[in-house]
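Asks: Here it is: the structure, laid out below.
2 protein chains.
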Amino acid sequence: MASRAAGSSAPTIVDVAAQAGVSIKTVSRVLNQEPGVQEKTREQVLKVVAELKYRPKLSARSLAGARSFLIGLLYYDPSAAFVAGVQQGATLRCREAGYHLVVESLHNDAPDIDSQVERVVSALRPDGMVLTPPLCDNPKVLKALRESGTPCVLMSPGRQAKGQASVRMDDVHAAEEVTNLLISLGHERIGFIRGASDQAASGLRYQGFANAMKAHGLGLDPELIQQGDFTFQSGVDGAHQLLSRRVRPTAVFASNDDMALGVLAAAQRLGLAVPSDLSIAGFDDSPAASLVWPPLTTVRQPVDQMARMAVEMLIAANRSDAQPLAESDLHRVLPYELLVRNSTCAPAAKPVTKRK
Amino acid sequence: MASRAAGSSAPTIVDVAAQAGVSIKTVSRVLNQEPGVQEKTREQVLKVVAELKYRPKLSARSLAGARSFLIGLLYYDPSAAFVAGVQQGATLRCREAGYHLVVESLHNDAPDIDSQVERVVSALRPDGMVLTPPLCDNPKVLKALRESGTPCVLMSPGRQAKGQASVRMDDVHAAEEVTNLLISLGHERIGFIRGASDQAASGLRYQGFANAMKAHGLGLDPELIQQGDFTFQSGVDGAHQLLSRRVRPTAVFASNDDMALGVLAAAQRLGLAVPSDLSIAGFDDSPAASLVWPPLTTVRQPVDQMARMAVEMLIAANRSDAQPLAESDLHRVLPYELLVRNSTCAPAAKPVTKRK
DNA sequence: CTGAAAGCGCTTACAG
DNA sequence: CTGAAAGCGCTTACAG
Chain A
1 MASRAAGSSA PTIVDVAAQA GVSIKTVSRV LNQEPGVQEK TREQVLKVVA
51 ELKYRPKLSA RSLAGARSFL IGLLYYDPSA AFVAGVQQGA TLRCREAGYH
101 LVVESLHNDA PDIDSQVERV VSALRPDGMV LTPPLCDNPK VLKALRESGT
151 PCVLMSPGRQ AKGQASVRMD DVHAAEEVTN LLISLGHERI GFIRGASDQA
201 ASGLRYQGFA NAMKAHGLGL DPELIQQGDF TFQSGVDGAH QLLSRRVRPT
251 AVFASNDDMA LGVLAAAQRL GLAVPSDLSI AGFDDSPAAS LVWPPLTTVR
301 QPVDQMARMA VEMLIAANRS DAQPLAESDL HRVLPYELLV RNSTCAPAAK
351 PVTKRK
Chain B
1 MASRAAGSSA PTIVDVAAQA GVSIKTVSRV LNQEPGVQEK TREQVLKVVA
51 ELKYRPKLSA RSLAGARSFL IGLLYYDPSA AFVAGVQQGA TLRCREAGYH
101 LVVESLHNDA PDIDSQVERV VSALRPDGMV LTPPLCDNPK VLKALRESGT
151 PCVLMSPGRQ AKGQASVRMD DVHAAEEVTN LLISLGHERI GFIRGASDQA
201 ASGLRYQGFA NAMKAHGLGL DPELIQQGDF TFQSGVDGAH QLLSRRVRPT
251 AVFASNDDMA LGVLAAAQRL GLAVPSDLSI AGFDDSPAAS LVWPPLTTVR
301 QPVDQMARMA VEMLIAANRS DAQPLAESDL HRVLPYELLV RNSTCAPAAK
351 PVTKRK
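Residue numbers (the UniProt record's numbering), protein chains in the order written: chain A, 1 to 356; chain B, 1 to 356.
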């Protein structure tokens, strides 16, 4: 591996000050966009900065000042796509603001997770932390962060704690819309597969489904509701249950795409044509959702926008003139997107009771 | 958002030294595991460190010393799964060694990508950088990094530059093994879909395919070789070409899973049963590969192990007593894993020429 | 509008 | 085996 650059080391604030004929304090003012610098002086400093390609060193700023210009992202990977999306939004927003994103992958069930968090925080002193599920619902993690005084924004947390900033999408409404779509296509017997019972989104999505069904006077047949756990296999299992009913559903709405793909696989093995014999809808817009035939009707979560918003909130709160946010501004809800693709259509025959 | 913790600030090295009745230099020695500290003194210091929950502040260590304890990860996201895998391996290894991972998502085609890199490096002064494709093959990125003197490890680079550390898997051999598997099942007419022509892996995988075919005296029929670009759609297109041949292949080997999924979708639309009418093999073990029916036979890249190794090399090179690596130790090749699943089987009939 | 001084919390030479 | 001093490169009060 190449050894470290030898020769003249990088320019410091002292070099810039000397070259520009001002004090280092003035250079600091210009760089931090503080008021009270004569326009002419400012320009002169900026010119020298450009000439020397001067870049302030983060460690020095961090040690001397109150900010580290570091935002932390804590995650425990359920879905690669989710993490990648979060990161995309977060790193871009960080760069725009001169911050940097430090990521740490933690195991949600680690017995010493609180000390792991504490360790990271006291070494890095990040200006804020973004937490993703399920870590954002882990009391030990939240406690460790609270004790360290690190500002946090939770992404799609289960419960919305008072005073705790969060960013989410409207799961209930999105699930309602998916259900409405199926109903509008003519489906009446709609199977539903719930997500993992310990995850907040599961309840919310079921709620949306139930709302829409009731609103159309369709009622909730317990026979058509299966408990899943967000895995492909639980989708397969749920589908086998639903499709063995005396009166089969003409559509199945799974609480996420992995389970919807399980339903699709099960239907194909049973020789059912999708969507003509069975419509299928998912949730998440996972990469695989568009890599199967037929591509899945699903809901796209604005994951990168949510992350961008989370970072935005942390940076804003970090400014010296920041005002504490009102409770109503602490919880942001971002718009989702309904993606209608080829896995859903009107039921082949009238949705009457018949056996195949 | 919660305000910063007030009250007594975190303990510093001075507090530990005072409490332990030694100088700060001794505390520093113990913490950095430097030699020349009496065992009794060491224990005493460690005891106080634990009592006070003292954690050295990264910015201070970084400013005073030669190391920043930061490793950078530069990526331009082609595949979420790849990035997630890299990160998993990298963050875990970093944590074990007391380092932290800073990630930056860059656009490979950005005209100012060199200055973006330069900016990140001069602010952070990371002790090393991990580069993933295609950034690891971007001359502007490599040049900026070289000029800054930042040690780099490239993951799966296209060309293996002399003196430039890299980590990869053996694409050629893996593709050979996949092809051998198909041949051993009885396939003779095997279609191949190449990856994007500007990516190094494409050529390597084709090479492996060609090697195996020739080794078995099967030759390379240009009619059975399609150019793809690693996208689902190019897999669909390639499949349509291959399956419209007068004499259809009985198996298709696609250079990655996304294309293999395209082949699967195309086959299903044409009414072909997979694998009995057509065997399909992919490459990458993408999440979707096991979320379809039938699940894909594919190759798992040891992405997280590769990232772990890359970080390992950077950390090792960063030690004060580090020796420059010999050329042969600069390039690591990690073992892959062949995953034989249900998308491949023996051809239904003898692989004779027939029309369906 | 501008600057001289002190200090952030460590590590690096250098002594003993 | 241990320590006193200097210094890393910035920002923070405080003056003028």
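Glycine included, C-beta positions come from ideal geometry on N, C-alpha and C.
Please decide whether residue 287/B counts as near chain A, where near means a Cβ-Cβ distance under 8 Å.
Replies: Numbered from its first residue, the second sequence carries residue 287/B at position 287. Closer than 8 Å: yes.
Asks: Are at least three pairs of beta-carbons, each pair with one atom in the stretch 113 to 130 of chain A and one in the stretch 64 to 78 of chain A, less than 8 Å apart?
Replies: yes
Asks: I think residue 92/B touches residue 105/A, with their Cβ atoms under 8 Å apart; what is that distance to the nearest whole Å?
Replies: Working through the second sequence from its first residue, we reach residue 92/B at position 92. Working through the first sequence from its first residue, we reach residue 105/A at position 105. Their Cβ separation, rounded to whole angstroms, is 7 Å, which keeps residue 92/B and residue 105/A in contact under 8 Å.
Asks: Below 8 Å on C-beta distance, what does residue 104/B contact in chain A?
Replies: As a working note, residue 104/B is residue 104 in the second sequence. The answer, in chain order, is 91, 95, 100 and 101.
Asks: In its own chain, which residues sit with a C-beta less than 7 Å from the C-beta of residue 305/A, not counting the 5 before and 5 after it?
Replies: Here residue 305/A refers to the residue found at position 305 when the first sequence is read from its first residue. 89 and 334.
Asks: Within 10 angstroms of its Cβ, does residue 256/B collect 16 or more other Cβ (buried), or is it exposed?
Replies: Stepping through the second sequence from its first residue, residue 256/B is reached at position 256. Residue 256/B is buried by the Cβ-count criterion.
Asks: What in chain A is Cβ-close to residue 87/B, meaning under 7 Å?
Replies: Along the second sequence, one-based indexing puts residue 87/B at 87. Residues of chain A passing the Cβ test: 103 and 105.
Asks: Reducing DSSP to helix, strand and coil, say where residue 62/B ends up.
Replies: Counting from one through the second sequence, the residue named residue 62/B turns up at place 62. In the structure shown, residue 62/B sits in a helix (DSSP, three-state: H, G or I).
Asks: Excluding the 5 residues preceding and the 5 following residue 137/B in the sequence, name in chain order all residues of the same chain whose CB lies nearer than 6 Å to its CB.
Replies: Here residue 137/B is taken as the residue at index 137 of the second sequence, counted from 1. Excluding positions up to five away in sequence, the list reads 157 and 158.
Asks: So, is residue 139/A buried or exposed, given that buried needs 16 or more other C-beta atoms within 10 angstroms?
Replies: Here residue 139/A refers to the residue found at position 139 of the first sequence. So residue 139/A counts as exposed.
Asks: Residues bridged to residue 281/A by DSSP?
Replies: As a first step, residue 281/A is located in the first sequence; it is residue number 281 there, counting from the start. According to DSSP, which records beta bridges pairwise, residue 281/A is partnered with 253/A and 297/A.
Asks: I'd like to know whether the C-beta atoms of residue 294/B and residue 343/B end up nearer to each other than 8 Å.
Replies: Position 294 of the second sequence, counted from the start, is the residue given in the question as residue 294/B. Position 343 of the second sequence, counted from the start, is the residue given in the question as residue 343/B. Contact: yes.
Asks: Answer yes or no: do residue 261/A and residue 292/B have a C-beta to C-beta separation smaller than 8 Å?
Replies: Position 261 of the first sequence holds residue 261/A. Position 292 of the second sequence holds residue 292/B. In contact: residue 261/A and residue 292/B (Cβ atoms closer than 8 Å).
Asks: Are the stretch 223 to 233 of chain A and the stretch 184 to 201 of chain A in contact at 8 Å, needing three or more beta carbon pairs?
Replies: yes
Asks: Give a yes or no on whether the minimum CB-CB distance between residue 67/B and chain A is below 8 Å.
Replies: Locating residue 67/B in the second sequence gives position 67, where the first residue counts as 1. No, no contact with chain A.
Asks: Counting beta carbon pairs with one atom in the stretch 212 to 227 of chain A and one in the stretch 270 to 283 of chain A, are three or more of them shorter than 8 Å?
Replies: no
Asks: Whole beta strand (DSSP E) runs in the stretch 148 to 197 of chain B with 3 or more residues, listed along the chain?
Replies: Runs of the beta strand (DSSP E) lying entirely within the stretch 148 to 197 of chain B and spanning at least 3 residues, in chain order: 152 to 155, 166 to 169 and 190 to 194.
Asks: Among 321/A, 30/A and 309/A, which one has its Cα closest to the Cα of residue 45/A?
Replies: Numbered from its first residue, the first sequence carries residue 45/A at position 45. Taking only the C-alpha atoms, the option nearest residue 45/A is 30/A.
Asks: Do you know how far the Cα of residue 239/B is from the Cα of residue 278/A?
Replies: Mapped onto the first sequence, residue 278/A falls at position 278. Mapped onto the second sequence, residue 239/B falls at position 239. Approximately 26 Å, taken between the alpha carbons.
Asks: Could you check how far apart the C-beta atoms of residue 179/A and residue 213/A are, in whole angstroms? I think they sit under 8 Å.
Replies: Taking the first residue of the first sequence as position 1, residue 179/A is located at position 179. Taking the first residue of the first sequence as position 1, residue 213/A is located at position 213. Right, their Cβ atoms sit about 6 Å apart.
Asks: Answer yes or no: do residue 172/B and residue 116/B have a C-beta to C-beta separation smaller than 8 Å?
Replies: As a first step, residue 172/B is located in the second sequence; it is residue number 172 there, counting from the start. As a first step, residue 116/B is located in the second sequence; it is residue number 116 there, counting from the start. Going by C-beta atoms, residue 172/B is not nearer than 8 Å to residue 116/B.
Asks: Give the residues from the stretch 125 to 136 of chain B that approach chain A closer than 9 Å (Cβ to any Cβ), ordered along the chain.
Replies: 125 and 128
Asks: In this structure, does DSSP put residue 124/A in helix, strand or coil?
Replies: Position 124 of the first sequence holds residue 124/A. Three-state result, residue 124/A: helix.
Asks: Which of the three DSSP states is assigned to residue 119/B in this structure?
Replies: For the purposes of this step, residue 119/B is identified with residue 119 of the second sequence, where counting begins at 1. Per DSSP, reduced to three states, the secondary structure at residue 119/B is helical.
Asks: List, in order along the chain, the chain B residues whose C-beta lies closer than 9 Å to that of residue 74/A?
Replies: As a position in the first sequence, residue 74/A is number 74, starting the count at 1. Correct list: empty, because the minimum Cβ distance to chain B is about 10 Å.
Asks: Please state if the CB of residue 191/B and the CB of residue 145/B are separated by a distance shorter than 8 Å.
Replies: The residue you call residue 145/B lines up with position 145 of the second sequence. The residue you call residue 191/B lines up with position 191 of the second sequence. Contact flag unset, no.
Asks: Residues of the stretch 292 to 304 of chain A with a CB closer than 8 Å to any CB of chain B: list them in chain order, please.
Replies: 292 and 293
Asks: Which of helix, strand or coil does DSSP assign to residue 12/B?
Replies: For the purposes of this step, residue 12/B is taken as the residue at position 12 of the second sequence. Of the three classes helix, strand and coil, the one that applies to residue 12/B here is coil, per DSSP.
Asks: Between residue 37/A and chain B, is the shortest Cβ-Cβ distance under 8 Å, so that the two count as touching?
Replies: Walking along the first sequence from the start, residue 37/A turns up at place 37. Chain B, which has no Cβ nearer than 8 Å to the Cβ of residue 37/A, makes this no.
Asks: What in chain B is Cβ-close to residue 232/A, meaning under 8 Å?
Replies: As a working mapping, residue 232/A is identified with position 232 in the first sequence. Taking a Cβ-Cβ cut-off of 8 Å, the neighbours of residue 232/A in chain B comprise 290 and 291, given in sequence order.
Asks: Between which residues of its own chain and residue 272/A is the CB-CB distance below 6 Å, once the five residues before and five after are set aside?
Replies: As a working note, residue 272/A is residue 272 in the first sequence. For residue 272/A, where only same-chain residues beyond five positions count, the Cβ hits under 6 Å are 278.
Asks: Just verifying my parser: in three-state terms, what is the DSSP assignment at residue 76/B?
Replies: As a first step, residue 76/B must be located in the second sequence, where it is residue number 76. Three-state result, residue 76/B: coil.
Asks: Where residue 211/A and residue 324/A are concerned, what is the direct C-alpha to C-alpha distance, given to the nearest angstrom?
Replies: For the purposes of this step, residue 211/A is taken as the residue at position 211 of the first sequence. For the purposes of this step, residue 324/A is taken as the residue at position 324 of the first sequence. If I take the Cα positions, the gap works out to 36 Å.
Asks: Starting from residue 48/A, follow the alpha helix (DSSP H) in both directions and report where the run begins and ends.
Replies: As a first step, residue 48/A must be located in the first sequence, where it is residue number 48. Taken as a continuous stretch (DSSP letters only), the alpha helix (DSSP H) holding residue 48/A covers 39 to 52.
Asks: Using DSSP bridges, identify the partner residues of residue 105/A.
Replies: Counted from its first residue, the first sequence places residue 105/A at position 105. Residue 105/A is bridged to 75/A.
Asks: In this structure, how does DSSP classify residue 96/B when only helix, strand and coil are distinguished?
Replies: For the purposes of this step, residue 96/B is taken as the residue at position 96 of the second sequence. Residue 96/B: helix per DSSP, three-state reduction.
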